[in-house]
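Numbering (the working numbering), first residue to last: 2 to 573.
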């Protein structure tokens, strides 16, 4: 649609403040933002809606408009609710940069404008494109006549001859075309590779769609008209379109957002077809948000169980809550399941982004078998989060009849093999994911121990190098789980050898080396987080750790010495 068409709809409450000569610009989409620099979320052609919360001084307008103009947006609409009227400095900046500017009256919501523009942009395509988008919208609506992403992908295949898949950040297939004769499905390895390429491109700030050519066994190369040549001698080219939450810090959503992978090279597509695919991602985003909302009940169940376990509630109370959770997580279950606990932590080096919600979304994805199709298996996992930590309550069905095999439990190395490559690229050089897995337990009495076990395993994983690390309960069998059986005299000798020099020094100098050691280990050796927790300068922390190493003859950069200190503190 053209910008000038917005003025023909009085119900939108738009008033033109400048840029009358630019009203023939094409609007490809809408973005609502109050970020001071939204450039990473702009791909060009958007109508930007803003409440002006980013404006703190008149000079801010010039910088904001310059960023929008450089990104190639179609126009800017500013709400009057924040300041009462659009400031003159914003009007002047838009005139300088030839950016059309509208004001939005206070009683018109941005959501109304967004809905109108998306509807118009989608419905004004020429010929078959208009029909496709209209059918997409009808079939993606909720209700008995609606459909999910599969319907949209089927239409892309039948009407535009495009093979496409919706993938999770780990490369699991959320949806794919159900049409017969559209070719083989993506292999797990190819899907993981595509997810990794998408995450790497997004973290580098590149705008979508991202194009990548990879070798696919049995693939037929594309020729100029987008069809296959038939010699099977080349890889496949994919265009990756992000399906993301706009306007938020990329690190908060990158590891939970889906992507649309289309087997085609979008580099030379006409604008109409690119607009269509962007519209499709918006429709699929609605479905993603619906499924996100459906997880509320499972998350609440997990949170309630976690709180009962952590507060030392009676086992009978925990068991009663588990009986409520079991039918929700495993519909039709006849007997009470066994349970496993998985703990995950996502940390960013600057500490500005909370890791708990990100870890929660990641666990909900990681704990689904990557070979399964669709959303249903994720309905059997309940994940809570607190602080930077997420905790998953995973049910394992038990056999109905004696002699039947029980369900296999989760293993840390298997989880790691599924997610390490794509998530490692998404975490880039400033993020880290560590995971710990407990053994299965058969009753409510075992959940507290399982939670501690998973947390200990995660700390072991955190002591290892790498962006994505995991450890399982079996790696604790030689130390943490055996601590209660260590003879008292051995305990005393072990702890005295490591901790007595530090205690003596603390008594004489009030140096607080023991609290520093505990905090350093609890922060997984992170200098920045430990210094923040102790309210110290990093150099002061380094001095204290150096004193600890000097007094004990140990090296806190070595995993073995960290574990020795950890055990000594646990046994003291």
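Glycine is no exception: its CB is placed at the ideal position from the N, C-alpha and C atoms. In this text the structure is predicted, and so the values were computed from the model without any measurement.
Cβ-based burial, residue i [other Cβ within 10 Å; buried from 16]
i           : result
residue 538 : exposed
residue 509 : exposed
residue 419 : buried
residue 525 : buried
residue 338 : buried
residue 178 : buried
residue 443 : exposed
residue 441 : buried
residue 284 : buried
residue 560 : exposed
residue 58  : exposed
residue 268 : exposed
residue 118 : buried
Terminal residues of the beta strand (DSSP E) in which residue i lies
i           : result
residue 211 : 211-215
residue 470 : 469-473
residue 167 : 165-168
residue 68  : Counting along the chain, residue 68 falls outside any beta strand (DSSP E), though it belongs to the alpha helix (DSSP H) covering 60-72.
residue 492 : Per DSSP, residue 492 belongs to no beta strand (DSSP E); it is in the alpha helix (DSSP H), 489-510.
residue 32  : 30-33
residue 243 : 237-244
residue 432 : 432-438
residue 3   : Neither: residue 3 is in no beta strand (DSSP E) and is coded neither H nor E.
residue 306 : That residue, residue 306, is in no beta strand (DSSP E); its alpha helix (DSSP H) goes 297-311.
residue 17  : 15-19
residue 104 : 102-105
Cβ shell of residue i (< 8 Å), same chain only, five flanking positions each side left out
i           : result
residue 520 : 531, 534, 535
residue 89  : none
residue 142 : Summary for residue 142: the model assigns pLDDT 49, below 50, so the residue's position carries little reliability; its value from the coordinates is reported in the next sentence. Excluding positions up to five away in sequence, the list is empty.
residue 1   : Since the first residue shown for the chain is 2 and the last is 573, residue 1 is missing from the structure and cannot be characterised.
residue 317 : 445
residue 452 : 307, 310, 311, 342, 344, 392, 439
Of the residues the options, the one placed nearest residue i, counting alpha carbons only
i           : options            : result
residue 475 : 444, 497, 490, 437 : 437
residue 550 : 529, 514, 63       : 514
residue 562 : 503, 464, 469, 511 : 464
residue 190 : 206, 173, 178      : 173
residue 575 : 195, 260, 548      : What the structure shows of the chain is the stretch from 2 to 573, and residue 575 is not part of that stretch, so it cannot be assessed.
residue 295 : 211, 383, 271      : 383
residue 207 : 446, 424, 242      : 242
residue 73  : 471, 434, 23       : 23
residue 368 : 415, 27, 349, 398  : 415
residue 238 : 256, 213, 255      : 213
residue 157 : 76, 325, 422, 263  : 263
residue 421 : 57, 160, 18, 468   : 468
residue 326 : 165, 395, 197, 355 : 395
residue 39  : 398, 552, 69       : 69
residue 107 : 98, 320, 166, 86   : 86
residue 522 : 557, 314, 201      : 557
residue 364 : 424, 75, 160, 398  : 424
residue 571 : 493, 541, 553      : 493
residue 340 : 353, 9, 397        : 397
Extent of the continuous alpha helix (DSSP H) run through residue i
i           : result
residue 318 : 316-330
residue 261 : Here residue 261 belongs to no alpha helix (DSSP H); instead the beta strand (DSSP E) covers 259-263.
residue 199 : 189-204
residue 362 : 357-367
residue 541 : 539-553
residue 55  : Neither: residue 55 is in no alpha helix (DSSP H) and is coded neither H nor E.
residue 349 : Counting along the chain, residue 349 falls outside any alpha helix (DSSP H), though it belongs to the beta strand (DSSP E) covering 339-349.
residue 457 : 448-463
residue 158 : 150-161
residue 586 : Here the chain has residues from 2 to 573 only, and residue 586 is not among them.
Own chain, CB closer than 7 Å to residue i, minus 5 neighbours either side, in chain order
i           : result
residue 569 : 495, 496, 499, 500
residue 83  : 52, 53, 54
residue 209 : 44, 241, 242, 243
residue 198 : 211, 213, 241
Own chain residues within Cβ distance below 6 Å of residue i, not counting five before or after
i           : result
residue 115 : 31
residue 594 : As displayed, the chain neither begins before 2 nor continues past 573, which places residue 594 out of reach and without an answer.
residue 121 : 2
residue 429 : 204
residue 71  : none
residue 91  : 62
Any non-hydrogen atom of the ligand MG within 7 Å of residue i CB
i           : result
residue 351 : By its list of ligands, the structure shown contains no ligand whatsoever, and the ligand MG lies outside what it can speak to.
Residue-chain proximity (residue i, chain C), Cβ-Cβ < 8 Å
i           : result
residue 356 : In summary, chain C is missing from the structure at hand, where a single protein chain is found.
Q: Answer yes if the segment 453-469 comes into contact with the segment 323-332, meaning at least three C-beta pairs across the two stretches below 8 Å, and no otherwise.
A: The answer is no - the segment 453-469 does not touch the segment 323-332, with fewer than three Cβ pairs under 8 Å.
Q.
Assess contact between the segment 355-370 and the segment 382-398, defined as three or more Cβ pairs (one per stretch) separated by less than 8 Å. Is contact present?
A. By the criterion of at least three beta-carbon pairs nearer than 8 Å, the segment 355-370 is in contact with the segment 382-398.
Q. Touch check for the segment 288-295 and the segment 45-61: three-plus C-beta pairs under 8 Å?
A. Too few Cβ pairs lie closer than 8 Å, so no.
Q. Taking contact to mean at least 3 C-beta pairs separated by less than 8 Å, is the segment 62-69 in contact with the segment 149-157?
A. The segment 62-69 is not in contact with the segment 149-157.
Q.
Whether or not the segment 101-111 and the segment 15-34 are in contact is what I'm after, with contact meaning three or more pairs of Cβ atoms, one per stretch, closer than 8 Å; do they touch?
A. Segments in contact, yes.
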